[in-house]
Amino acid sequence: MIHKYPYRIHKPGHNQFPNHLQPYVKLVETNEGFEALMEGATEFMAMLSVLPPEKMGYSYQRDKWTVQDVLMHMIDTERMFQNRALRISRKESRALSGFDQDKYVKNLPNIVRSIESIRDEYETVRKGTFLLFAGLTKVEMKLQGRVSNYTLTLPSIPFIIAGHEIHHLNILKERYNIQDIHPTSL
Numbered sequence: 001m002i003h004k005y006p007y008r009i010h011k012p013g014h015n016q017f018p019n020h021l022q023p024y025v026k027l028v029e030t031n032e033g034f035e036a037l038m039e040g041a042t043e044f045m046a047m048l049s050v051l052p053p054e055k056m057g058y059s060y061q062r063d064k065w066t067v068q069d070v071l072m073h074m075i076d077t078e079r080m081f082q083n084r085a086l087r088i089s090r091k092e093s094r095a096l097s098g099f100d101q102d103k104y105v106k107n108l109p110n111i112v113r114s115i116e117s118i119r120d121e122y123e124t125v126r127k128g129t130f131l132l133f134a135g136l137t138k139v140e141m142k143l144q145g146r147v148s149n150y151t152l153t154l155p156s157i158p159f160i161i162a163g164h165e166i167h168h169l170n171i172l173k174e175r176y177n178i179q180d181i182h183p184t185s186l
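Residue 1 is where the sequence shown starts when you use full-length UniProt numbering, and the numbers rise one by one after that.
Here's what the structure looks like:
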């Protein structure tokens with residue numbers, strides 16, 4: 001992963017992202033966006049390192065996502081926010097559409113993924129997020145755009161991605177009983 005940041009991405013105020021995303025941003029303890037993404041990557045990789053392969057198809061309740069579904073949802077959501085960041089940074093004038101997360105998960109390819117393949121995909125997507133934000137200027141980082149019926153600022157996106165990741169890692173710990181995720185336990 002990238003460890004040198006061209007500038008600091010400061011944690012956004014509540015007026016820089018919509019109310020429905022505030023619970024995610026509140027989960028992020030650091031006040032710097034690149035650090036939030038780096039910490040999230042560390043936690044995600046730690047979780048994969050203790051995840052038994054046989055747990056990938058496990059769901060804690062009928063009609064709930066499997067562990068693999070949750071992991072792929074996390075990756076898909078990061079891709080969506082990458083796309084939003086790119087389009088906002090290029091001054092897209094049209095409102096960006098939302099996405100139906102349940103439909104995306106329902107339409108995942110019906111194949112069993114290895115932990116290694118998910119790790120590789122996650123690393124590639126996260127590196128893309130770092131490179132996208134590292135390639136933006138401080139001026140571009142002041143831009144905002146419309147997504148569905150709300151305004152989204154570029155600096156809020158790393159915190160939304162990181163908070164969404166924390167949210168789902170917590171669910172994997174609590175509901176799917178995947179323990180010892182914290183990197184200090186490795």
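Every residue gets a Cβ at the ideal spot worked out from N, C-alpha and C, and that includes glycine. Keep in mind it's a predicted model, so treat the numbers as computed, not measured.
GLN179, buried or exposed, once every other Cβ within 10 Å from all chains shown has been counted against 16: Numbered from 1 along the sequence shown, position 179 holds the residue referred to as residue 179. Under the 10 Å beta carbon count, GLN179 is surrounded by fewer than 16 other beta carbons and is classified as exposed.
Three CB pairs or more closer than 8 Å across the region 89-108 and the region 38-48: Touching, no.
Helix, strand or coil at THR30 [DSSP, three-state]: Within the sequence shown, the letter at position 30 stands for residue 30. Judged by DSSP in its simplified three-state form, THR30 adopts coil rather than helix or strand.
Buried or exposed (CB count within 10 angstroms, at least 16 for buried), VAL67: By 1-based counting over the sequence shown, the position of residue 67 is 67. By the 10 Å Cβ count, VAL67 comes out buried.
Coil, strand or helix - LYS11 by DSSP: Taking the first residue of the sequence shown as position 1, residue 11 is located at position 11. Correct three-state label for LYS11: coil.
With 16 other Cβ atoms within 10 Å as the buried cut-off, status of VAL112: Reading the sequence shown from its first residue, position 112 is the one you call residue 112. In the assembly as shown, VAL112 is an exposed residue. Its beta-carbon has fewer than 16 other beta-carbons within 10 Å.
Cα-Cα separation between ALA36 and ASN110, rounded to whole angstroms: Counting from 1 along the sequence shown, the entry for residue 36 is found at position 36. Counting from 1 along the sequence shown, the entry for residue 110 is found at position 110. Taking the straight line from one Cα to the other gives about 32 Å.
Residue from VAL28, GLY33 and TYR176 with nearest C-alpha to MET141: Your numbering for residue 141 matches position 141 in the sequence shown. Closest option to MET141, Cα to Cα, is GLY33.
Inter-residue spacing [alpha-carbon to alpha-carbon] between LEU186 and HIS10: Mapped onto the sequence shown, residue 186 falls at position 186. Mapped onto the sequence shown, residue 10 falls at position 10. Bear in mind that a pLDDT of 36 at LEU186, under 50, signals an unreliable position, so the number given afterwards is only what the model happens to contain. Across the structure, LEU186 and HIS10 are spaced so that their CA atoms are roughly 30 Å apart.
CB contact flag (SER97, SER148, <8 Å): For the purposes of this step, residue 97 is taken as residue 97 along the sequence shown, with counting starting at 1. For the purposes of this step, residue 148 is taken as residue 148 along the sequence shown, with counting starting at 1. SER148 is positioned such that its CB atom lies closer than 8 Å to that of SER97.
ARG175 beta carbon less than 8 Å from that of TYR60: Within the sequence shown, numbered from 1, the residue matching residue 60 stands at position 60. Within the sequence shown, numbered from 1, the residue matching residue 175 stands at position 175. In this structure, ARG175 lies closer than 8 Å to TYR60 by Cβ.
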